[in-house]
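There are 2 protein chains.
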Amino acid sequence: MSNRASLYQTRYGSPDMAVPAAGSPIIDHLLAHRSVRAYLPDPVGDDQLAAIVAAAQSAASSSNLHAWSVVAVRDPARKARLAELAGDQAHIGQAPLLLVWLADLARLEQVARKVGEAHVALDYLEMFEVGVIDAALAAQNAVAAAESLGLGTVYIGAMRNRPEDVAAELQLPPRVVAVFGLCVGTPDPAQPAAVKPRPPQSVVLHHETYSLPRQAAGLEQYDGAMAAFYASQGMQVRGSWSNHSAKRVRDTAALSGRDRLVAALNALGFPLR
Amino acid sequence: MSNRASLYQTRYGSPDMAVPAAGSPIIDHLLAHRSVRAYLPDPVGDDQLAAIVAAAQSAASSSNLHAWSVVAVRDPARKARLAELAGDQAHIGQAPLLLVWLADLARLEQVARKVGEAHVALDYLEMFEVGVIDAALAAQNAVAAAESLGLGTVYIGAMRNRPEDVAAELQLPPRVVAVFGLCVGTPDPAQPAAVKPRPPQSVVLHHETYSLPRQAAGLEQYDGAMAAFYASQGMQVRGSWSNHSAKRVRDTAALSGRDRLVAALNALGFPLR
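For the record, the sequence lines run as chains E and L.
Residue numbering for the first sequence is 541 to 813, as defined by the numbering used here.
Residue numbering for the second sequence is 541 to 813, as defined by the numbering used here.
Below is the structure:
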């Protein structure tokens with residue numbers, strides 16, 4: 541079996557995955573992504589960080605507005621406090637570097653004030669969404685860049701659990717909010733991370749128009765692939781991926797405090813009109 | 541000058557840009573990104589699309605929920621209608637493939653119904669944000685993958701100008717909405733795209749805590765880099781990057797209809813609680 545066939549089979553958790561004729565070393569690299577939750581203490585140097593941020597900035601930005609920023613947190617005490625705000629995830633404290641990606645409309649307000657313009661649009665949900673998209677595009681380039689330097693990463697969505705406390709810790713001004721965190725560090729070879737299977741392409745890829753019914757067979761297949769994955773990892777997961785996912789959207793308790801995101805954003809200078 | 545030094549200098553529009561000691565072929569590839577707005581008619585094949593979507597799916601997904609989908613539009617008539625909905629951008633009609641990236645909570649509702657759970661969390665802004673982030677991470681991997689196959693891309697934020705009309709065109713059910721479009725095709729060598737400079741890292745990268753005042757010098761520098769870029773491209777831009785950006789956030793008219801995004805999302809099944 542070729543290396544590329546193996547990458548596809550692992551990515552989809554499917555022994556009979558068809559491998560497309562098109563490919564490249566960069567696609568192979570992206571296919572091999574895995575989230576890393578165990579790190580060695582080796583620091584991530586400023587040179588590595590500069591290359592990672594250059595890659596992040598190379599992503600597209602809506603209307604070239606650059607409505608994002610990133611805070612690099614290495615101070616162990618600050619990382620520990622942020623870990624506590626983000627559901628006590630041990631790998632935040634363990635990773636030598638935590639990048640907190642921000643939707644940033646404060647810079648645009650400053651630019652508008654400098655040139656004597658109003659900045660009414662900053663109050664709208666659209667501009668918050670622009671900030672979120674810009675931050676996510678940049679972060680995903682950072683992930684590919686970090687992995688190419690031999691580093692591992694994991695996104696921390698729980699950085700949205702307590703937005704005002706995170707903002708206070710990072711001294712964010714109004715109109716700036718954390719979108720997610722990203723742990724970065726050298727993966728601990730004693731605790732290797734696995735590639736988590738994805739649903740068949742028939743679930744996410746549509747041609748010309750969208751269809752829910754066409755996804756059903758692929759979702760059945762995915763429950764099977766994830767059951768095999770849970771077993772191979774010795775994970776004690778009750779029920780299928782469908783059961784597990786449904787529990788994540790069942791009620792407001794599943795949102796870990798994020799059911800008050802609107803109020804938090806309003807308090808942080810995002811009226812979301 | 542090494543190729544890497546040239547990549548950094550072009551990316552930052554700065555003749556004296558320091559090149560980090562860390563680097564990789566993948567980072568070099570990301571640094572060379574440019575948005576392409578002129579395409580040859582050559583089709584993007586299903587094999588290329590399958591490799592691009594595999595790369596997209598390999599991005600992280602919040603809680604492994606896969607709250608996104610993508611519609612591949614190749615039908616010229618449908619592309620023309622979507623171009624009209626997205627500010628009449630000629631390159632949408634010209635590119636052989638338009639990918640419309642979707643925040644998709646309908647699949648999760650279906651999964652919850654299948655296993656007999658409620659799905660209260662889907663009504664919250666947090667879950668909309670999850671869908672936007674998931675779609676953006678996937679799309680950015682797709683961009684890197686497409687470029688590695690010799691294709692060019694450009695994001696289409698204007699796919700949010702008229703969300704209900706786009707949803708009708710793509711037959712989206714409630715709880716699914718377009719986040720942005722992405723044109724994909726072979727770049728027209730007769731109209732080569734330029735790498736657009738980015739602000740110095742001091743503007744977007746913060747250490748330990750965020751600061752607006754520390755960005756001021758970098759922003760001045762960026763106005764200079766963009767003025768040189770406008771001149772080199774023969775672009776008739778009135779005023780500096782700061783002037784241009786301020787105009788983009790000055791008033792609701794600058795939002796091209798997206799000032800009613802909340803109402804549109806509400807109508808499309810996102811209560812945004």
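We put the beta carbon where it would ideally sit given N, CA and C, even for glycine.
Where the beta strand (DSSP E) through residue i begins and ends
i: Gly633 (chain L); result: Looking at the DSSP string, Gly633 (chain L) is not in any beta strand (DSSP E); the run it does join, the alpha helix (DSSP H), is Ala630 to Gln634.
i: Trp610 (chain L); result: Note on identity: in this sequence residue 610 (chain L) is Val, with Trp being the wrong assignment. First-last of the beta strand (DSSP E) with Val610 (chain L): Trp608 to Val613.
i: Val640 (chain L); result: Leu637 to Asp644
i: Tyr695 (chain E); result: Gly692 to Ile696
Within chain E, the residues that residue i reaches when beta carbons sit closer than 8 Å
i: His573 (chain L); result: Ser598, Ala599 and Ala600
i: Ala624 (chain L); result: In the sequence as displayed, the identity of residue 624 (chain L) is Glu instead of Ala. The premise fails here: Glu624 (chain L) is roughly 17 Å from chain E at the closest Cβ pair, so nothing lies under 8 Å.
i: Glu666 (chain L); result: Arg700, Leu795, Arg798, Asp799 and Leu801
i: Asn806 (chain L); result: The contacting residues do not exist; Asn806 (chain L) stays about 11 Å from chain E at best.
Short CB-CB distance (under 7 Å) between residue i and chain E
i: His631 (chain L); result: no
i: Ala595 (chain L); result: yes
i: Arg544 (chain L); result: no
i: Asp728 (chain L); result: no
i: Ser782 (chain L); result: yes
i: Gln549 (chain L); result: no
i: Pro560 (chain L); result: yes
i: Val584 (chain L); result: no
i: Pro581 (chain L); result: no
i: Gln731 (chain L); result: no
i: Pro739 (chain L); result: yes
i: Leu745 (chain L); result: yes
i: Asp587 (chain L); result: yes
i: Val660 (chain L); result: yes
Beta carbon of residue i nearer than 7 Å to that of residue j
i: His631 (chain E); j: Arg574 (chain E); result: no
i: His746 (chain E); j: Val611 (chain L); result: yes
i: Ala685 (chain E); j: Ile592 (chain L); result: no
i: Gly758 (chain E); j: Pro739 (chain E); result: yes
i: Pro732 (chain L); j: Gly553 (chain L); result: no
i: Leu665 (chain L); j: Leu801 (chain E); result: yes
i: Val651 (chain L); j: Ala786 (chain E); result: yes
i: Arg618 (chain L); j: Leu637 (chain L); result: no
i: Leu570 (chain L); j: Ala675 (chain E); result: no
i: Asp587 (chain L); j: Ala562 (chain E); result: yes
i: Ala718 (chain L); j: Val640 (chain L); result: yes
i: Tyr695 (chain E); j: Phe720 (chain E); result: yes
i: Gly779 (chain E); j: Asn701 (chain E); result: no
i: Cys723 (chain E); j: Ala646 (chain E); result: no
i: Thr550 (chain E); j: Val735 (chain E); result: yes
i: Ser742 (chain L); j: Asp763 (chain L); result: no
i: Val816 (chain L); j: Ala643 (chain L); result: The requested residue 816 (chain L) does not occur in the structure, where chain L is confined to residues 541 to 813.
i: Trp608 (chain L); j: Ala698 (chain L); result: no
i: Leu625 (chain E); j: Val706 (chain E); result: yes
i: Val777 (chain E); j: Leu648 (chain L); result: no
i: Ala590 (chain E); j: Glu704 (chain E); result: no
i: Gln680 (chain E); j: Gln629 (chain L); result: no
i: Pro727 (chain E); j: Gly774 (chain E); result: no
Where residue i meets chain L, residues with beta-carbon distance less than 9 Å
i: Ile696 (chain E); result: Those within 9 Å of Ile696 (chain E) in chain L number zero; the least Cβ separation is about 10 Å.
i: Val576 (chain E); result: In chain order: nothing, as chain L lies at least about 11 Å away.
Interface residues of chain L facing residue i [CB-CB closer than 8 Å]
i: Pro713 (chain E); result: Tyr750 and Leu752
i: Asp628 (chain E); result: Near Asp628 (chain E) there are no residues of chain L at all, since even the closest Cβ is about 17 Å away, more than 8 Å.
i: Gln755 (chain E); result: Arg647 and Gln650
i: Val717 (chain E); result: The contacting residues do not exist; Val717 (chain E) stays about 10 Å from chain L at best.
Under 7 Å by beta carbon: chain E residues contacting residue i
i: Ala786 (chain L); result: Val651, Ala652, Val655 and Glu657
i: Asn604 (chain L); result: Lys736
i: Leu648 (chain L); result: Ser785 and Val789
Host alpha helix (DSSP H) of residue i (start-end)
i: Gly758 (chain E); result: Ala756 to Ser772
i: Asp791 (chain E); result: Neither: Asp791 (chain E) is in no alpha helix (DSSP H) and is coded neither H nor E.
i: Asp586 (chain E); result: Asp586 to Gln597
i: Asp822 (chain L); result: Because residue 822 (chain L) is not part of the residues shown, which for chain L are 541 to 813, the question remains open.
i: Gln549 (chain L); result: Asn543 to Tyr552
i: Asp568 (chain E); result: Pro565 to Leu571
i: Asn604 (chain E); result: Here Asn604 (chain E) belongs to no alpha helix (DSSP H), and DSSP marks it neither H nor E.
i: Pro811 (chain L); result: That residue, Pro811 (chain L), is in no alpha helix (DSSP H); it is neither H nor E in DSSP.
i: Arg618 (chain L); result: Pro616 to Leu625
Any C-beta of chain L under 7 Å from that of residue i
i: Asp615 (chain E); result: yes
i: Ser609 (chain E); result: yes
i: Leu691 (chain E); result: no
i: Asp663 (chain E); result: no
i: Val777 (chain E); result: no
i: Ala771 (chain E); result: no
i: Ala612 (chain E); result: yes
Contact list for residue i against chain E, beta-carbon separation under 9 Å
i: Phe720 (chain L); result: Ser602 and Ile673
Partner residues on chain L for residue i, Cβ-Cβ distance less than 7 Å
i: Gly563 (chain E); result: Ala591
i: Glu704 (chain E); result: By Cβ distance, chain L contributes nothing, its closest Cβ being about 14 Å from Glu704 (chain E), past 7 Å.
Runs of beta strand (DSSP E) wholly within the segment 701-758 of chain L (minimum 3 residues, chain order) | 716-725 and 745-747
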